[in-house]
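Everything below concerns the one structure shown next.
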Amino acid sequence: MANHLNNNERQGLQRAPSQLVGPDYKSSEERPEATVSTAIQQKNVVILPQTPQLIALLTMIRDKNTNRADFIFYSNRINRLLVEEALNHLPVHPHTITTPVGRTYAGVKFEGKICGVSIMRAGEAMEQALRECCRSVRIGKILIQRDEETSKPRLFYDKLPEDVKDRWVLLLDPMLATGGSALMAVDVLRSKGVPEERILFLNLIASPEGAANFSKKYPRLRIVTAFVDEGLDEKNYIVPGLGDFGDRFYTL
Ligand code: PRP
Ligand code: URA
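Position one of the sequence shown corresponds to residue 1 (full-length UniProt numbering), numbered consecutively onward.
Structure (structure tokens):
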């Protein structure tokens with residue numbers, strides 16, 4: 001019987017959905033089928049629209065033959081999309097201005113202060129995109145490392161803006177695998193008084209398990225991710241994933 005199962009089913013993973021990708025003016029025969037994000041039930045998880053551009057960028061960084069310079073460049077581009085989307089989840093208030101031709105325009109302005117918090121090391125790779133969108137943004141750091149044998153996170157260090165509890169926090173980590181590291185980072189933020197609903201977790205690739213663990217413990221915290229993958233392998237790496245993000249961005 002087991003022989004009739006495909007690889008995913010054998011490992012208990014969901015089959016990844018696929019979709020025709022390409023501009024609408026092309027016929028369906030001319031649009032290739034590509035793997036897109038798994039849909040998940042958790043309402044607090046926002047998945048970026050699976051556009052041709054995003055799928056092409058993800059294809060670059062998932063490829064094991066992509067060199068470090070390209071990996072940095074293309075992951076930065078996705079990080080930028082994540083930051084732009086996350087900013088849509090911040091509240092705004094009315095702001096009417098006068099244009100140079102003397103007319104008024106009823107616009108909006110962001111309400112409240114923000115800061116970034118990166119989970120070191122890989123989360124630091126997302127800081128550039130945040131700085132490009134929010135000049136001189138304050139950025140706190142939390143050093144959490146996942147034990148390579150047990151996959152359990154260990155907290156080594158945190159340094160956060162003094163008034164972090166009064167800010168919206170954009171928490172940065174590209175990989176959400178078991179969820180252990182990010183949950184530990186949220187515990188640190190909570191211990192400093194940051195309300196759950198004022199945290200936005202920006203993430204490049206999530207596993208369905210990690211997203212579910214997160215939503216169960218912190219249902220009011222929003223996750224903005226580019227892609228929910230199929231699952232985790234026996235070493236708790238995300239599959240198909242992209243390997244070790246920190247190694248590929250910094251040292252490989
Ligand atoms: C990676 C990644 C996350 C964590 C995800 O970091 O950047 O922080 O693993 O795994 P989890 O969801 O199972 O906790 P890692 O500890 O390998 O350190 P690095 O940032 O130095 O690469
Ligand atoms: N950390 C990574 O960098 N990649 C994974 O797949 C899991 C944890």
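Where is the CB? At the ideal position from N, CA and C, for every residue including glycine.
Considering Cα atoms alone, identify which of His93, Ala212 and Asp229 is closest to Leu221.
Taking the first residue of the sequence shown as 1, we reach residue 221 at position 221. Per the Cα distances, Ala212.
Residues near Phe71 in its chain [Cβ-Cβ closer than 7 Å; skip 5 each side]
Stepping through the sequence shown from its first residue, residue 71 is reached at position 71. Cβ within range, chain order: Ile61, Arg248 and Phe249.
Taking C-beta to C-beta, are Ala226 and Leu20 nearer than 8 Å?
Looking up residue 226 in the sequence shown gives position 226. Looking up residue 20 in the sequence shown gives position 20. No; because the gap between Cβ atoms is not below 8 Å, this pair is not in contact.
Is Thr178 near the ligand PRP - that is, is its Cβ less than 7 Å away from at least one heavy atom of it?
On the sequence shown, position 178 is the one that residue 178 refers to. Yes.
Out of curiosity, what's the CA-to-CA distance linking Thr96 and Leu171?
Reading the sequence shown from its first residue, position 96 is the one you call residue 96. Reading the sequence shown from its first residue, position 171 is the one you call residue 171. When rounded, the distance between both Cα atoms is 31 Å.
So, with DSSP's three-state summary, where would you put Ala106?
Against the sequence shown, residue 106 aligns to sequence position 106. Of the three classes helix, strand and coil, the one that applies to Ala106 here is strand, per DSSP.
For Leu87, the three-state DSSP class (helix, strand or coil):
Taking the sequence shown and counting its residues from 1, the one referred to as residue 87 is at position 87. It is helical.
By Cβ distance below 6 Å, which residues in the same chain neighbour Leu5 in space, the five residues on each side in sequence not counted?
Within the sequence shown, residue 5 is the residue found at index 5, counting from 1. Low confidence applies to Leu5: its pLDDT is 46, below 50, so where it sits in the model is not reliable, and the reading given next is rough at best. Cβ neighbours of Leu5 beyond the five flanking positions: none.
Pull the bridge partners of Asn79 from the DSSP assignment, please.
Stepping through the sequence shown from its first residue, residue 79 is reached at position 79. Partner(s): none; Asn79 has no beta bridge.
Less than 8 Å between the C-beta atoms of Lys109 and Val83, yes or no?
For the purposes of this step, residue 109 is taken as the residue at position 109 of the sequence shown. For the purposes of this step, residue 83 is taken as the residue at position 83 of the sequence shown. Going by C-beta atoms, Lys109 is not nearer than 8 Å to Val83.
Using C-beta distances below 6 Å, list every residue in its chain close to Met120, excluding the 5 sequence neighbours before and after it, in chain order.
Taking the sequence shown and counting its residues from 1, the one referred to as residue 120 is at position 120. The answer, listed in chain order, is Lys141 and Leu143.
Note down, one range per segment and in chain order, each alpha helix (DSSP H) of at least 4 residues found wholly within the stretch 16-78.
52-62
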